[in-house]
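Since the structure comes first, as structure tokens, the remarks are kept for the end.
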RNA sequence: GCCGGCGUGGUGAAACAGGUAGACGCACCGGACUCAAAAUCCGGCGGGGGCAACCCCAUGUCGGUUCGACUCCGACCGCCGGCACCA
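Numbering (the working numbering), first residue to last: 109 to 945.
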């Protein structure tokens, strides 16, 4: 072997070796325990970035480690290949999205292969391949038949730049998640998946996901946004009609002083029809609609409203209260109508103040601070608007007052009693509402899965028969980025015949949201390629044991994937409830204090790293600089450090190779003494440390630190006997095995250089000998009153009496405590003694 | 505003179960090798004081519990992330 470490000479060689021998290809085998390790698959943008390297390096350590631990490890890779950038490339460079995507996949695959990850490439997936997206269509049809996919006209989020609709999850702060264009509302016919049917289960099963970060679960729970309350009908005065509202604060029903309707509420125009208010109210509504949802849902905007001239009757106390239209009420949530309780809701309070509406206190704090809301404070209707010294609404819990038969109850109890009362009297019913909306999946784009639906003038909406799948995305298309869906302009695609009546039919031209593709790809990996069966393979491999990816998918992808898993379970395709047992959300890669991005010009190109230092160094640095869940601060010098470490290890093997070539590294601890014994001890301490650090939350940084320590120890080790050399060989072999999940190429190379014939990736992970780990002598710290005052070496497991005596005998300690009364001596075995005076 | 996370040397970070604060790496300083430099190797490296043995201070701030607190409790400050007229 050469004296110098030259990664270029070895890395490609071993990548080829692994590939040719199919070392990482797996088959289901019920006699071996399985482990499914998955990293979020990439969008084929053309180049990998450091974020990819980090995620895949983390996943690869886990996969290689579990393999060496004896698991049958599924570790696949694929391409999230549909999506907008391909169309943008088509518009800008005139290249077909398919060609652009395939080219990108080819070059990214090369880059990823150059990093030596242990993927089973036989299972590679490309979501833009008809073989893949036909299953999107197949599942869609199954969902359609169950009523889980449906079409409706509604107000949807529209990104003018992407010229397409977006799901709620894909709008951040009123902007498109991809291009940050401000989203507007548009009325369109759209396909939806009925994720709201699963709202309760998606929420409830969060409790099962004990291997997920709390942060992600909180975000999912917030997004689902469950709230429990009642729907109540209020009789409209002088009309047969009733107005239905939703509230979670039925305990404040006696404090209702007006009603607020969303401007879009259909009843508004009826109420004001042919009344003196009509013109004014309709003008207000027009204005509110023009404000747009973005502005109206931002908390800063002033609350505005208008009186409709009509009244409703409070079913509990018979009060007549005015109906207003208010810009802050949303049609999409609850019933689009709200009962207003200004004393106990800040928004209603502000509204009442502005328009001089009465405020009526019905809850008082039972442990009152200084405020108008104490027991001796104002009661009943206390003035209008700002009168009465109110500074704000009291939204907390307390005791109900002036609430008829419910007066004196605690809010908690009052809520229950009033809810039951309302149901008993037929005024309304208990109701659970969710913030979660159905998932709008129609996209007016080309590069996605065609929605397999036909429109027949006679038969209406007809799904494409399963045996006619896939509906192929036509290749002869002109992509301009203008004028709606490109598919709508392709006559040959549009024209079809109705499977029912054989008459002329028209195809749906929208494609599916690309999040559909990624909602079940982890299941697709379980099939042997081209051999899709929804039975044995899946039940063996699923669920994913360890899923790894960025926090940015905390709601989007991870919620959709959970939803799909449950739908596929209910379709009888799989048997699990949740797709991902453990989830690791790794931190961002940071440079100069900001996330690496092209626009900031602070990207580090992984290609350059691999060229200059090799894949092992790139991997090692990503894993050593920070624990996986934290952000990783980029450091050029840090990379140098990782490279130096590998060089040191290489030099060590090259220096000793001849002397240890024919030796047997197998050693019995009992035969050892002196330096051989202490090196052996260090070996086993390192095995323990590395194993524990991997098992405990994948803290690879500290695992690597201990491997560096071991190498440092070896570096200063001077063997004096054959036994010493045998221990030395053992130390090197162990280091190589422990390092191999992190830096597989150099480990493999040196492993073979030492005469081994089989891949190190297939070696068994070493176990450690507890006996060998124990030190003969331990350092005992001496404290006086908790302050460090000395250190002594004592035989391990010395008894308390010996520790005390030795400590007191120490010259320095004896001086410190001379003439003082010893109150107490605390001994922590093998660690510390604290003398309290 | 609400929820969650995080604050440790010059720096990335360790400290797993309340028991030596700063492992390991980087940077820096000194030395060896060299005509010289790079690479490599050896040594030092939280701050302050002392000739020295040693002493004092130090994990965002202030307080508490404890023989002993980076770790537990309370209040506050700062940074990051999520949610936010959801009735």
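Note that beta-carbon positions come from the ideal geometry of N, C-alpha and C, so glycine has one too.
Cβ atoms of residue 317 and residue 737 stay farther apart than 8 Å, at about 16 Å. Assigned with DSSP and collapsed to three states, residue 795 falls in helix.
Cβ-Cβ separation between residue 333 and residue 544: approximately 6 Å, consistent with a contact (criterion under 8 Å). Per DSSP, the beta-bridge partners of residue 367 are 431 and 447. According to the DSSP assignment, residue 119 belongs to no beta strand (DSSP E) but to the alpha helix (DSSP H) extending over 115-128. Contact between residue 301 and residue 549 holds: their C-beta atoms lie close to 6 Å from each other, under 8 Å.
Annotation: residue 276 is outside any alpha helix (DSSP H) and is labelled neither H nor E by DSSP. Per DSSP, the continuous beta strand (DSSP E) segment holding residue 885 begins and ends at 885-892. Secondary-structure assignment with DSSP links residue 693 through a beta bridge to 657. With respect to the 7 Å criterion, residue 412 and residue 435 are classified as neighbours on the basis of their beta carbons. Residue 518 and residue 450 have their C-alpha atoms spaced approximately 19 Å apart. Here the alpha carbons of residue 818 and residue 934 stand approximately 34 Å from one another.
Less than 7 Å separates the beta-carbon of residue 445 from that of residue 369. A straight-line Cα-Cα distance of about 31 Å links residue 914 and residue 779. Counting every other CB atom within 10 Å of its CB across the protein chains shown gives residue 837 a total of 16 or more, marking it as buried.
Of the candidates 393, 360 and 416, 416 places its Cα closest to the Cα of residue 384.
Taking every protein chain shown into account, the CB of residue 670 has 16 or more other CB atoms within 10 angstroms, so this residue is buried. Rounded to the nearest whole angstrom, the C-alpha separation of residue 197 and residue 770 is 59 Å.
Contact between residue 904 and residue 939 does not hold, since the beta-carbon distance rounds to 11 Å and is not under 8 Å.
The bridge partners DSSP lists for residue 439 come to none.
Across the set 835, 899 and 676, the C-alpha of 676 shows the shortest separation from the C-alpha of residue 243. In the DSSP assignment, residue 180 falls outside any alpha helix (DSSP H) and within the unbroken beta strand (DSSP E) covering 180-182.
Spatial neighbours of residue 658 in its own chain (CB-CB distance under 6 Å, excluding positions within 5 residues in sequence) are not present. For residue 898, the three-state secondary structure derived from DSSP is strand. The alpha-carbon of residue 694 is positioned some 15 Å away from that of residue 704. Counting along the chain, residue 417 sits inside the beta strand (DSSP E) bounded by residues 413-421.
Residue 927 and residue 936 have their C-alpha atoms roughly 25 Å apart. If you look at residue 454, you'll find it in the alpha helix (DSSP H) that goes 454-463.
By DSSP's assignment, residue 187 forms a beta bridge with 234. Here residue 663 is not near residue 146, since their CB atoms are 7 Å or more apart.
For residue 558, the number of other beta carbons within 10 angstroms of its own is at least 16, and it is reported as buried. Rounded to whole angstroms, the gap between the alpha carbons of residue 911 and residue 896 is 16 Å.
Remark: C-beta atoms of residue 199 and residue 656 do not approach each other more closely than 7 Å. In the DSSP assignment, residue 355 falls outside any alpha helix (DSSP H) and lies within the beta strand (DSSP E) extending over 350-355.
Residue environment analysis places residue 720 among the exposed positions, since fewer than 16 neighbouring C-beta atoms fall within 10 angstroms of its C-beta. Between residue 570 and residue 613, the beta carbon gap of about 7 Å places them in contact (Cβ cut-off 8 Å).
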